[in-house]
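Residue numbers (the numbering used here): 1 to 431.
Beta carbons: idealized from backbone N, C-alpha and C, even for Gly.
Taking it in order: structure first as structure tokens, then the write-up.
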């Protein structure tokens, strides 16, 4: 009997647990370890920040749903990992041994890269977690009571740009509903070399589509932006040219600012010598497995992916939800192969599929593969995208409560648009 431990209960950890339970059989133990005892649907956080969703709409306790399917749960943060001994020490002091470890922790938020950033001792808001989004909503309410300038965007080294664009558009729509938009100048500040770069060198005509939306909504923007310091009500930004030279310095006033941070690996994982790159992201091979520790796999935001290319201000590569589930499926099938005496062969299909709500419309991005050159490079826009994201929110939360990794209709829908969960076909996929 093998013990499979999954570190994290988010968009990667929960599907990993369900897929492992479905595929590996009851003779093997599956345990999920997570710092908090709930699942949060992170893509809905921009809605929480403007009051269009409540915490209860996108959060649920994971223990009853996992245990109902024979999956153990430990609600404690990991303090350290002894990868050589295959042991995790928890914050409580408890030790948990494993035969296989799946790291799906997500990132640590590196607000401290920029002085004055973040909600703890800083002056900017975040929508990276539901707790942050609730605090952002409180600040949004203060903005509505006393309107003034707003800054939305991302800090140097950020990789997840989609939510920043979403929040800028959703905030615009929310303010218009309250007849306050005319009193709120909005500036988008980003390290990207152009609007719509997204850390992917663009997807289809993303540049033109998002620039058009910004112009229609009277949103100013600053690209190649290196935010150096944030004071109370004032942001200091250096604007660079293509060669990395400072061409203009900005001192931007704000009453409300939401800036997404750069990511790094969580401390317990980053401290394992030989497991991660200098930033703390797990190094994996084509099969999502650590080259140094063969019984350690990793999926999602916590893995190391090189940037699409050099940019004047550092930009990371995003890991989207469907891409994460693809990694998870590959991992579980590779562990199944190892338990059956075979070598891992499955590879995740690193393909970006993203639905972005813009408040009253939206944009859908599909990049296959995620990094160029691509076989499929498509972007679409319209009201249908907004409704599609709302439907996906309901569907994914339902799927996580039902303990399903991939219903058949999802599998065949993705095949219909030319996207497969794995590069190498396999016999059974959740359901």
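Opposing strand residues paired with residue i [DSSP bridges]
i: residue 259; result: 153
i: residue 289; result: 297
i: residue 248; result: 239
i: residue 225; result: 239
i: residue 3; result: 29
i: residue 377; result: 367
i: residue 355; result: 364
i: residue 480; result: Since the first residue shown for the chain is 1 and the last is 431, residue 480 is missing from the structure and cannot be characterised.
i: residue 324; result: In DSSP, residue 324 forms no bridge with anything.
i: residue 40; result: 59
i: residue 135; result: According to DSSP, residue 135 bridges with nothing at all.
i: residue 231; result: 234
i: residue 34; result: 75
Neighbour-count burial assignment, residue i, 16 or more Cβ in a 10 Å radius
i: residue 14; result: buried
i: residue 245; result: exposed
i: residue 1; result: exposed
i: residue 85; result: exposed
i: residue 289; result: buried
i: residue 34; result: buried
i: residue 356; result: buried
i: residue 285; result: exposed
i: residue 370; result: buried
i: residue 9; result: buried
i: residue 409; result: Annotation note: pLDDT 43 at residue 409 (below 50); position unreliable, no value reported.
i: residue 352; result: buried
i: residue 226; result: buried
i: residue 196; result: buried
i: residue 399; result: buried
i: residue 253; result: exposed
i: residue 344; result: buried
i: residue 350; result: buried
i: residue 39; result: buried
i: residue 274; result: exposed
i: residue 107; result: buried
i: residue 51; result: exposed
Closest by C-alpha distance to residue i, when choosing among the options
i: residue 255; options: 234, 292, 338; result: 234
i: residue 161; options: 400, 397, 194, 173; result: 194
i: residue 99; options: 105, 82, 107; result: 82
i: residue 329; options: 340, 342, 347; result: 347
i: residue 199; options: 376, 11, 372, 4; result: 372
i: residue 191; options: 209, 168, 153, 167; result: 153
i: residue 53; options: 228, 78, 136, 188; result: 136
i: residue 336; options: 216, 287, 77, 392; result: 287
i: residue 257; options: 376, 24, 308, 140; result: 140
i: residue 133; options: 242, 102, 48; result: 48
i: residue 42; options: 403, 402, 394; result: 394
i: residue 122; options: 94, 203, 229; result: 229
i: residue 147; options: 225, 182, 205; result: 182
i: residue 281; options: 55, 51, 94, 104; result: 104
i: residue 164; options: 187, 241, 144; result: 187
i: residue 91; options: 26, 80, 56; result: 80
i: residue 247; options: 267, 223, 231; result: 223
i: residue 46; options: 173, 29, 74; result: 173
i: residue 218; options: 151, 129, 291, 232; result: 151
i: residue 293; options: 126, 51, 87, 24; result: 87
i: residue 387; options: 29, 44, 25, 268; result: 44
i: residue 56; options: 130, 271, 124; result: 130
i: residue 5; options: 89, 213, 50, 51; result: 89
i: residue 167; options: 358, 402, 396; result: 358
i: residue 78; options: 32, 59, 62, 27; result: 32
i: residue 169; options: 142, 334, 212, 128; result: 212
i: residue 27; options: 231, 392, 339; result: 339
i: residue 232; options: 119, 71, 318; result: 119
i: residue 243; options: 210, 207, 310; result: 310
Problem set entry | Cβ pair count under 8 Å reaching 3, the segment 311-323 against the segment 153-162 | yes
Exercise. Which ranges does the beta strand (DSSP E) cover as unbroken runs of at least 3 residues, wholly within the segment 58-111, from first to last along the chain?
Worked result: 59-61, 72-75, 78-82, 87-90, 95-97, 100-103
Exercise. Is the segment 111-128 in contact with the segment 297-313, if contact means three or more CB pairs nearer than 8 Å?
Worked result: no
Problem set entry | Cβ contact (3+ pairs, closer than 8 Å) linking the segment 358-365 and the segment 380-392 | yes
Exercise. Would you call the segment 247-263 and the segment 59-67 touching, i.e. three or more CB-CB distances under 8 Å?
Worked result: no
For this session: Report the residue ranges of all beta strand (DSSP E) runs contained in full by the segment 168-220; include only those spanning at least 3 residues, in chain order.
Result: 186-189
For this session: Take every Cβ of the segment 113-125, pair it with every Cβ of the segment 11-29, and state whether three or more of those distances are shorter than 8 Å.
Result: no
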